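Just so you know, the protein sequences line up as chains E and W, in that order. Residue numbers for the first sequence follow the working numbering, so the first one is 4 and each next one is one higher. Residue numbers for the second sequence follow the working numbering, so the first one is 3 and each next one is one higher. A virtual CB, placed ideally from N, CA and C, is assigned to each residue, including glycine. Everything numeric in this text was worked out from a predicted model, so none of it was measured.
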Amino acid sequence: MDLAVLLAIQVLYAIASLALISVGLAIIFGMMRVINLAHGEFLMLGGYAAIVATSHGISIWIAMLVVAPIVVGLIGVVVERTIIRFLYGRMIDTMLATWGLSLFLVGLTTAIFGNTTVGISAPLGSFQIGAYRTSAYTLFVITVAAVVLAVIFVVMRWTRLGLIARGTMQNANMASALGVNPPRVYAITFGLGAALSGLAGAVLAPVSGVFPTIGVAYVAKSFITVIGGGAAILSGTVSASALFGSINQIATFVTTPVFGEVALLAAAIILIRLLPQGITGRFFRRGL
Amino acid sequence: MRVNRRTFLQSTAAIAAAGMFSSSAWAEDPINVASIHDLSGGLDIYGKPMVDALTLAIEEANAAGGLLGRQVKLINYDTQSNMQLYTQFAQQAALKDKVAVVHGGITSASREVIRPVLDKFKTLYFYNTQYEGGVCDRNQFDTGVTPAQTVEKLVPHAMKKWGKKVYVVAADYNYGQITSQWVKKYVTENGGEVSSIDFFPLDVTNFGPTISKIQAAKPDFVWSALVGGAHISFYRQWAAAGMRKSIPMASTTFAVGNEHIVLSPDECNGMLICYNYFQDLKNPVNESFVASFHKRFGTDYPNITELAMGTYQGFRLWAEAVKKAGSVDRMKVIEALETGISIDAPSGKVTIDPPTHHCVLDVHIAEVADKKLKVLEDFAQQKPADTAAVCDLIKNPTDNQQYVIKI
């Protein structure tokens, strides 16, 4: 019984971390059709931002929840203004450009921080479930993911900003005719996506450590989640994370981490074969 | 000045002699020594100290007049943690730069990539990393420790201290696969039990389910053969789950990449390890070595690692053999090494074991204590018994394979 509770927490954690690392990408890809191959590096920069801020005496919570998203969000806006905005509608070109950006960011961080793994100890300590112990930080990650998803839902569903963003993504010309300035909306959306990635990278930094090439470990999983989720940003991310996260974690627990990864990829292949439009291409179609 | 026949002959002879002398000095090219290590990418935590140690060893040799009157030139190849570059650089070292010897390879995977290349192009190869043992190849010398020298000592020590039930976590490639079998063998022989062996690809960073599994298995201690930067998060997540105080840990890889400095004392104090070299070894050779290392690379150098010392000793053994052979010719140097050459190294006496091409050397068990490695127990002059059980290059000089332990 204790083990079941522990396993349930682990599964929730896997879902939460998948959702966290994917939601920034989902916004940028789902809303703007920009394939951002530098997504993993945004996560990596979030991790470094949090660690550098912490080592300068800033509280770890502020470093993770405030500094990292702001820093990476600003980087995102700069990237959008200097690179991405010239390439809207040119999918292959954006892929090339963001891939180059990804290599550049890896090289730059290696030059600045070196190639060794850095990290911060996870705060909050551990707690007891019957005969088992687990890190309380796990619950924190789950909470952050839930709050982030809830905030996105509220903003998209009930605020004017969300309405304008959804409208621009659906039909930029019409939105423009109604007085909206699409370039500005794009810049803000890209910045928000980047900020969410920075937040995710920072929140996961105490768990996995940070090194310049860690983005590679994230980027494939985020893309699989976003593609598996389909067109609807929020319900797609949540449903795909729930599916892949639980498959991965349960397979890992029952067998080994290698088969956990294999199970995740196999599930993704089968899913895309059966539902080429992703989960939300068939279910929750009216979701956000 | 009046020039007569005699003074003319004297002066021209002197010029000719000087010319001959200088041209013969030009002909003495330096001896090329290749270093093939990862200086960037995920494995550079291991590679950088190795290359620093090799640099120091070569500078010392040159300061002492070089080898056979020739200077030694280090040619550095950075393989960037990329296996393809190992093949490419091994070929370049052998064919283009015509080096006398290659020191290099970090992971066992990279060693198995360059070993056949250097065999084919007849270039002497030194592999200086502690590894899983069993390589039997007349062209290769192994200066690192193997499981019969370390695991065999550490298993009974840890079992006496903590108990008989062991859970093994290991990196998923030949090093981790084979080493974990050695751990199982010694645990069983000491009357214990291995409850499970879990393997992890080098890029895994989420160890949550494994930590739950370990708790469910309730071992007396955990044995780690994890490798590289990503796997450091295992120790971090282990400590975050509050497990460090309830289930202790021993390792064949910890601290080789200075993990004990990267992690906080709270995350790794009390872990047991066993290697040939620790920076704090108390002997005069080591004290003067550490002093000159710090003079060369700065006193803030984090820690001189096991792999750095293996590389330093590897070069010294090779240089000793070159002096003995009076040549850098590959076969002459191999034969000189096979006489059982011995050096007085910072880690103690190191001797080549002729039948296996491995080393007889001292090993020590140590404990991680507040970012330092505290030596607990010493074992003098350990033989590479694992490789010796299967490999005899004196009887079968043409043998060329890696033997794998069967349980």
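Starting from PHE381 (chain W), find everything on chain E with Cβ-Cβ shorter than 7 Å and list it in chain order.
Residues of chain E whose Cβ lies closer than 7 Å to the Cβ of PHE381 (chain W) do not exist; the shortest such Cβ separation is about 31 Å.
Could you pull out every residue in the same chain whose Cβ sits closer than 6 Å to the Cβ of ALA29 (chain W), ignoring the five residues on either side in sequence?
Because ALA29 (chain W) sits at a pLDDT of 47, beneath the cut-off of 50, its placement in the model cannot be relied upon, and the point is left open.
Contact set between LEU68 (chain E) and chain W, taken where Cβ atoms lie within less than 9 Å:
Neighbours of LEU68 (chain E) across chain W, judged by C-beta separation under 9 Å, do not exist; the nearest C-beta is about 18 Å away.
Compute the Euclidean distance between the alpha carbons of ILE213 (chain W) and GLY230 (chain W), then round it to the nearest angstrom.
Computed Cα separation, rounded: 19 Å.
Let me know the secondary structure DSSP gives ILE354 (chain W) once reduced to three states.
Residue state, collapsed to three classes: strand.
Shorter than 8 Å from the beta carbon of PHE156 (chain E) to some beta carbon of chain W?
In terms of beta-carbon proximity, PHE156 (chain E) stays away from the interface with chain W, with every pair separated by 8 Å or more.
List the residues of chain W that ALA178 (chain E) touches, going by C-beta distances under 8 Å, in chain order.
Counting only Cβ-Cβ distances below 8 Å, ALA178 (chain E) has no contacts in chain W at all, with the closest Cβ about 41 Å away.
Measuring only between beta-carbons, confirm whether ALA220 (chain E) sits less than 8 Å from chain W.
Yes - at least one Cβ of chain W is within 8 Å of the one on ALA220 (chain E).
Starting from the beta carbon of VAL206 (chain W), find every residue of chain E whose beta carbon is closer than 7 Å, and list them in chain order.
Simply PRO260.
Does the beta carbon of ASP2 (chain W) sit closer than 8 Å to a beta carbon anywhere in chain E?
No answer is possible for residue 2 (chain W): it lies beyond the span of chain W, which begins at 3 and ends at 409.
State the beta-bridge partners of ASP80 (chain W) as determined by DSSP.
Beta-bridge annotation (DSSP): ASP80 (chain W) is paired with W:HIS39.
Confirm, please, whether the CB-CB distance from GLU114 (chain W) to TRP184 (chain W) is below 8 Å.
It is not a contact, given that the beta carbons lie outside the stated cut-off.
Beta-bridge partners of LYS75 (chain W), as assigned by DSSP
W:ASN34.
Which residues, in order along the stretch 32-66 of chain W, keep a beta-carbon less than 8 Å from a beta-carbon of chain E?
When CB distances to chain E are screened at a threshold of 8 Å, the residues of the stretch 32-66 of chain W falling below it are SER42, GLY43, GLY44, ASP46, ILE47, in chain order.
So within the stretch 149-196 of chain W, which uninterrupted alpha helix (DSSP H) runs reach at least 4 residues, ignoring any that extend past its ends?
Contiguous alpha helix (DSSP H) elements confined to the stretch 149-196 of chain W occur at 153-164, 176-191, taking only those with 4 or more residues.
Just to confirm, are GLY76 (chain E) and GLY194 (chain E) a CB contact at a threshold of 8 Å?
Going by beta carbons, GLY76 (chain E) and GLY194 (chain E) fall inside the 8 Å limit.
Closer than 6 Å by C-beta to ALA66 (chain E): which residues in its own chain qualify, once you throw out the five before and the five after it? Chain order, please.
These residues qualify, in order along the chain: ALA53, ALA56, THR57.
I need the DSSP call for GLN252 (chain E), collapsed to helix, strand or coil.
In the structure shown, the three-state DSSP call for GLN252 (chain E) is helix.
What do you get for TRP240 (chain W), buried or exposed, if any count of 16 or more other CB atoms within 10 angstroms of its CB means buried?
Classification of TRP240 (chain W): buried, given that the 10 Å Cβ count is 16 or more.
Does chain E have any CB closer than 8 Å to the CB of GLN90 (chain W)?
Answer no: the Cβ-Cβ gap between GLN90 (chain W) and chain E never drops below 8 Å.
Within-8 Å CB hit, THR400 (chain W) to chain E
Chain E contact via Cβ: absent.
What did DSSP end up calling HIS296 (chain W) once you bin it into helix, strand or coil?
Looking at HIS296 (chain W) - three-state DSSP - the assignment turns out to be helix.
Does the CB of VAL335 (chain W) have a neighbour CB from chain E at under 8 Å?
Not an interface residue.
Assigned exposure category for TRP301 (chain W) - 16 Cβ within 10 Å defines buried:
First, the residue type needs correcting, since residue 301 (chain W) is Thr and not Trp in the sequence shown. In summary, THR301 (chain W) is exposed, with fewer than 16 beta-carbon neighbours lying within 10 Å of its beta-carbon over all protein chains present.
Partners in chain W for TYR135 (chain E), counting only beta-carbon separations shorter than 8 Å
For a Cβ distance threshold of 8 Å, residue set SER214, GLN217, ALA218 of chain W lies close to TYR135 (chain E), ordered along the chain.
Listing by chain order, which chain W residues have their CB less than 8 Å from the CB of LEU9 (chain E)?
For LEU9 (chain E), the chain W residues whose Cβ falls inside 8 Å of its Cβ are SER214, GLN217, in order along the chain.
HIS366 (chain W), DSSP secondary structure in three states
Strand, per DSSP.
Amino acids of chain E, ordered along the chain, whose beta-carbon sits closer than 7 Å to that of SER253 (chain W):
Chain E residues near SER253 (chain W): none, gap ~16 Å exceeds 7 Å.
The alpha helix (DSSP H) enclosing THR125 (chain W), as first and last residue numbers:
According to the DSSP assignment, THR125 (chain W) belongs to no alpha helix (DSSP H), since it is labelled neither H nor E.
Where does ARG36 (chain E) sit, in a helix, a strand or coil, going by DSSP?
DSSP places ARG36 (chain E) outside both helix and strand once states are collapsed to three, so it counts as coil.
Got a sec: which bits of the stretch 205-218 of chain E sit with their beta carbon under 8 Å from any beta carbon on chain W, in order along the chain?
With the criterion set as a beta carbon lying under 8 Å from some beta carbon of chain W, the members of the stretch 205-218 of chain E are PRO209, VAL210, SER211, GLY212, PHE214, THR216, ILE217, in sequence order.
Are there any heavy atoms of the ligand MN lying less than 7 Å away from the beta-carbon of ILE253 (chain E), as far as the coordinates show?
Judged by which ligands are present, the structure shown has none, so any question about the ligand MN falls away.
Which of helix, strand or coil does DSSP assign to ARG93 (chain E)?
The three-state secondary structure of ARG93 (chain E), taken from DSSP, is coil.
Thinking just about the alpha-carbon of each residue, which of W:PHE317, W:GLY316, W:ARG318, W:LEU339 is nearest to the one in ALA327 (chain W)?
The shortest C-alpha separation from ALA327 (chain W) is found at W:LEU339.
Give me the DSSP bridge partner(s) of TYR135 (chain E).
Note: TYR135 (chain E) sits in a beta bridge opposite E:ILE132.
Could you tell me if TRP225 (chain W) is buried or exposed, where buried requires 16 or more neighbouring beta carbons within 10 angstroms of its beta carbon?
A residue is called buried once 16 or more other Cβ atoms fall within 10 Å of its Cβ, and TRP225 (chain W) is buried on that count.
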